[in-house]
Structure formats: C-alpha cells, structure tokens
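Q: Quick one: structure below, then a few questions.
Residue numbers (the numbering used here), protein chains in the order written: chain A, 947 to 1194; chain B, 552 to 863.
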C-alpha cells in the first residue's frame, strides 16, 4: 500500500503575525516558514504505518511555488520515500488543491491519504473533506487514533462531545489532530540523504486542473485588542470584584 | 433575495445551541431561513428548530442511517435539497467542519470558513492565523455560498418563532464505506466547554494530572466547564478535547478563569471573545496579564482553596 501525505508550507507557529499597514496581507517578509504542524503529525503517522509493515511507500505532496520544496525535503528527511510538488505560483484555495490532489491519487493509487486537520495560516479545514468528496471515498477527520485492519481502518475522532469512533473502508482520507502522535525530529544525516530522494514536479496544467471559483480575499485587519484590566491583591478582592460585576 | 438553508446540529436528543447561532448569522445575511434536520426519531428536535425566531420552514429528513452524523450520508441529503438555496450554512463545530466542506466540494464551490460578521449577503469577515488577522472575503458572483458560522461570534436566536415542519424520507441509501461505532463523551456531568457560561481552565502551572483535581473541584463548585491550555494537554495532564486555543476550541464564556496559564498567543486566540477573563499566575510577567480583566499574582494552590472557602 502507498500512503500520500499532504504538506503545506506555512508561517511557523511561533511567529507573531503582523497585519501589513495597508491591509493587503500579513507580513511574511523574512519570516520563518515551516511545515504545517498538523501535516508533520500526518507524516509521522504514515511513517509509523510503513515501519509496522502495513505500507510500502510514503509519498509527501505539496502544492505551491518552488519554495515549498524546502518543506518537501523536510518530509523526505523525516523518512518519506519520495516527494511530489504541485507547482503553482498562485495561492491555491482548498477546492483547487483537492482537485489537484485527486489527479495525484489517480496516478499513484494510494490506499490511504493522510492530511493535517487544518493549515495554521488560512485555518480553512476543508481540503481533506473536499478530497474525500471528490474521490467519493470515506473521510475520517480530526483523528486521534488510527488502527489499520486489512482493508479497513478504525479511527477515533476528536469531536466537541468527546471521542467518536468510526470504521472506514480503504482507500480513504484521514485528517489528523494533535494527540495522534508526536512527530520525530530530523537528524542531520537524514537531511543529507533526503537530497538524493526523488522529487517530481507537476504543474497545474500538467495535471489538467484549472484554478477557478476562488473566493476573493479582500482587506486584512488586525483583531481588536483587549484592554489591560486591573490587578487584585488576593482571593478576597477577586471574589469581591466578581460579585460587583455580577459574574458569580 | 437570499434563501438560506441551515444544517442543524443535534445529539439525537436535542438541538445544539450552535444551530440557533447560525440562525442569527442567517438573519444578518437576510432572506428566507429554512433549517434541515437529519436524523432518526427527530420530531422533538425539529420542533425545537421550528421554534427559532424568523425560521420559515424546517425540513426533517428522518431515516435510521442518518442517526449518526456521518458526513458522507448527511452531505448526500443536504445536496438533495440544496436546489434553490443561495446559502448553505452549518456551525463551525467539529460537526460542521466535517460536513460542510464535503457539501461544498460536491456543489463545486470553495467554502467560507468561520463567518464572524456579515458585510453583505455574499461578503463576510473571517479570522485567519488563529484570529491574528481578520479578512474580508467575497464569494464569486452567481455561485452558492457554502459556509460555516463561527459560533463564538454570534448570539443564539430566541425560541419565539413558529415555522412549519416538512417531514421527508431520505433521498439516498446509507454509504457502505463508513460505519459509526460509538461516542465516548468527554466532559461527563460538567457543562460542555463550547456552551458553558463559566469556564475554569488550567495550564502547565497546575503541574500534573493529579493536581488538576483542584481545577475540577473549583469548576464543580461554580458549575463551570473545564478547559486547559495546549501546554497542559501536551504534558498529558488532560485530554485534548479540553484544549482551548488555536489548535483546540475557541470559546466565549461570560467568565473565563485561567490558572497557571502563561497566555501564549495560541491560547489567547481561543478566549478573545470571553466576557471577563480572570488570570491567576505566580509569574507577574506572564503575558496572560496583558489581556486579563482581573489579574492576581499568586500561587494557584493557595488561591483556589481560598476562593472555595469564600464562595461558601
């Protein structure tokens, strides 16, 4: 079985986001870029499945400009066998990304596609679900446990009400949540090795996917700031404040 | 004029409050508002939906295989009745996030995630970068708007309406590729984090799973929901469904009490819309004090017992 893993290049999660003063976007100039943290968890899971002998090959896929090859190399250094870049200079929205991924699926015929539950830049949380819909296959979103069992998988999902378990037939799309695993660190020799692993590039034209139906992204504004409040000295003052405000 | 269809969220017993919040968002868009209820034995839930103010019609699709919210099944039913609607809305809860993109893809459109304000019927504000930037988005002209509604941004519509209920049978059979096994509820007797008016939350400063008892005790005394920072989850003190923040739940209780939470950006993002934020932390330099309404520099293991005593 092959496993496809999505990897998105995003602003590192430790970076404080600053909206540009003209409202045209957020400042990404010279800002540290990383693999979307949920995608690292997705890749870790795929690697563990391969290491358990339940998959033969793990392929990392990213859609973006050539800069995203850096994130694909990180994925290869973590242990993926090869990488595919869907090359586009335009920022892809989830529907176009899902359509392009579907073309890769048609070429590779994977048994499992694992993606992060959302990217921490646009926070859309759509691509996996859309891909499952277009592929007409099951989706198991927000996974915190994934157990493969022959041609099916049992997935525990983190839902608002607690933990939901579903069983899905393969092939399927799984999107992962934080608790699924802790991704491994990349070791230096693996970074060297990753440089020699194959990385194929397909343009959107190669794949025959037109970018259409984009939502227009307009003005960016910083969120309203909360004002700094008061400080109290002890528990008694705290209770008094809360009572005065009618909160308890 | 807009015709809006809201996909209801429920647990098989009653309507989730997120649906009433979607109604308020739909009112801001303006137009006719219908609600679709998918499930099995959903008479009472449909009546609840029909009672929400300004709802015109409830479409109740009753079938055994719709009792569990399997996205593939629910999406098929939504698509079957989607004709004629300009907007399809669902809550930005785990249910809506799972379901609505599947519907959007089948309808051939991108989805607008997390509507926090309505500029015009096809133009909205939504947060990106965990709420660290707000953007205006506009759906392409002439296409269906499929969207999720950020429930922390909207109040619930009142139960003062009287819509008709149109009961139907399912238009599709159950998909065979996905089977529901079960739900293990996380919170037990405590109020659901997402809808609780009071939330007591603990962070790394709580120190251990064992110590988290003090947080639970105070919460129970106040009738509050219990949350945690990502640091507390990563350290294994509590399960992830209690996580508040960018990668967990975004909540808006009337009162949020943070104990031993430093206030990382990722956490603060989840509580920005809270009414009043109380912070108790040993470190007076903690960034949580920059955004708290009432701050107290102190040891939570000393402050919490004192609070309990004062609260009687």
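The beta-carbon is built from N, C-alpha and C at its ideal position, and this holds for glycine as well.
May I have the straight-line CA-CA distance separating residue 1143 (chain A) from residue 960 (chain A), to the nearest angstrom?
A: The straight-line gap from Cα to Cα measures roughly 29 Å.
Q: Counting only the same chain and skipping the five closest in sequence on each side, list residues whose C-beta sits under 6 Å from that of residue 810 (chain B).
A: 753, 831 and 851
Q: Examine chain A for any beta-carbon lying closer than 8 Å to the beta-carbon of residue 566 (chain B), and answer yes or no.
A: no
Q: Going by CA-CA distance only, name the one from A:970, A:965, A:964 and A:1119 that's closest to residue 1165 (chain A).
A: A:970
Q: Could you tell me the alpha carbon to alpha carbon distance between residue 664 (chain B) and residue 735 (chain B), rounded to whole angstroms?
A: 27 Å
Q: Under the assumption that residue 614 (chain B) contacts residue 721 (chain B) (Cβ atoms under 8 Å), give the Cβ distance between them as a whole number of angstroms.
A: Their Cβ separation, rounded to whole angstroms, is 4 Å, which keeps residue 614 (chain B) and residue 721 (chain B) in contact under 8 Å.
Q: Starting from residue 575 (chain B), trace the alpha helix (DSSP H) in both directions and tell me its first and last residue.
A: Counting along the chain, the unbroken alpha helix (DSSP H) around residue 575 (chain B) starts and ends at 568–580.
Q: Which value, in whole angstroms, describes the spacing of the CA atoms of residue 1195 (chain A) and residue 758 (chain B)?
A: Residue 1195 (chain A) lies beyond the residue range present for chain A, which begins at 947 and ends at 1194; the question has no answer from this structure.
Q: So, do the stretch 1141–1159 of chain A and the stretch 1045–1052 of chain A have three or more beta carbon pairs nearer to each other than 8 Å?
A: yes
Q: Around the Cβ of residue 1095 (chain A), are there at least 16 other Cβ atoms within 10 angstroms (buried) or fewer (exposed)?
A: With fewer than 16 neighbouring CB atoms inside 10 Å of its own CB, residue 1095 (chain A) falls in the exposed class.
Q: Can you tell me whether residue 647 (chain B) is helix, strand or coil according to DSSP?
A: If DSSP states are grouped into helix, strand and coil, residue 647 (chain B) belongs with the helices.
Q: Output yes if chain B places a C-beta closer than 8 Å to the C-beta of residue 965 (chain A); else output no.
A: yes
Q: Could one say the Cβ of residue 1169 (chain A) lies closer than 8 Å to chain B's Cβ atoms, at least one of them?
A: yes
Q: Shorter than 8 Å from the beta carbon of residue 1085 (chain A) to some beta carbon of chain B?
A: Closer than 8 Å to some Cβ of chain B, the Cβ of residue 1085 (chain A) qualifies, so yes.
Q: In terms of residues, what are the limits of the beta strand (DSSP E) holding residue 743 (chain B)?
A: From DSSP, residue 743 (chain B) is part of no beta strand (DSSP E); its letter is neither H nor E.
Q: Since residue 821 (chain B) contacts residue 804 (chain B) with CB under 8 Å, what's their CB separation in whole angstroms?
A: 11 Å between Cβ atoms; not a contact.
Q: Going along the stretch 1054–1072 of chain A in order, which residues come within less than 7 Å of chain B, judged by CB to CB distance?
A: 1066, 1067, 1068, 1069, 1070, 1071 and 1072
Q: Between residue 617 (chain B) and the rest of its own chain, which residues show a CB-CB distance below 8 Å, the 5 nearest in sequence each way excluded?
A: 589, 590, 591, 624, 625, 628 and 721
Q: Check each residue of the stretch 1137–1169 of chain A: if its Cβ is closer than 8 Å to any Cβ of chain C, include it; give the result in chain order.
A: The displayed structure is made up of protein chains A and B, and chain C is not among them.
Q: Give a yes or no on whether the C-beta atoms belonging to residue 1003 (chain A) and residue 1027 (chain A) are separated by under 8 Å.
A: yes
Q: Residue 572 (chain B) and residue 702 (chain B) - do their beta-carbons sit closer together than 8 Å?
A: Yes, the pair counts as a contact, with Cβ atoms nearer than the cut-off.
Q: Under a Cβ-count criterion, where at least 16 other Cβ atoms within 10 Å of its own Cβ denotes burial, should residue 667 (chain B) be classed as buried or exposed?
A: buried
Q: Who are residue 618 (chain B)'s beta bridge partners in DSSP?
A: Paired residue(s): none; residue 618 (chain B) is not in a bridge.
Q: Report the residue ranges of all beta strand (DSSP E) runs contained in full by the stretch 1074–1129 of chain A; include only those spanning at least 3 residues, in chain order.
A: 1085–1095, 1098–1105, 1108–1115 and 1118–1122
Q: Looking only at its own chain, which residues have a Cβ that is under 8 Å from the Cβ of residue 756 (chain B), when we skip the five neighbours before and after it?
A: Beyond the five residues adjoining it in sequence on each side, residue 756 (chain B) comes within less than 8 Å, by CB distance, of 810, 811, 812, 813, 832, 833 and 851 in the same chain, given in chain order.
Q: Measure from the alpha carbon of residue 985 (chain A) to the alpha carbon of each residue in A:1033, A:1089, A:1189 and A:1105, then state which is nearest.
A: A:1089
Q: Please say whether residue 1177 (chain A) and residue 846 (chain B) have beta carbons closer to each other than 8 Å?
A: yes
Q: Which of helix, strand or coil does DSSP assign to residue 638 (chain B)?
A: The three-state reading of DSSP puts residue 638 (chain B) in strand, counting E and B together.
Q: Can you check which of these residues, A:1115, A:1107, A:1105 and A:1137, is closest to residue 1020 (chain A) by C-alpha distance?
A: A:1137
Q: With a threshold of 8 Å between beta-carbons, can residue 1107 (chain A) be considered close to chain B, or not?
A: So yes, residue 1107 (chain A) belongs to the interface.
Q: Can you name the residues that DSSP bridges to residue 734 (chain B)?
A: A:1110
Q: Can you tell me whether DSSP reads residue 967 (chain A) as helix, strand or coil?
A: In this structure, residue 967 (chain A) counts as coil in the three-state DSSP scheme.
Q: Please classify residue 977 (chain A) as buried or exposed, where buried requires at least 16 other C-beta atoms within 10 Å of its C-beta.
A: Of the residues assessed, residue 977 (chain A) falls on the exposed side of the cut-off, its CB having fewer than 16 other CB atoms within 10 angstroms.
Q: Measure the Cβ-Cβ separation of residue 989 (chain A) and residue 1129 (chain A) and say whether it is below 8 Å.
A: Contact: yes.
Q: Shorter than 8 Å from the beta carbon of residue 578 (chain B) to some beta carbon of chain A?
A: no
Q: Do residue 691 (chain B) and residue 1062 (chain A) have their C-beta atoms closer together than 8 Å?
A: no
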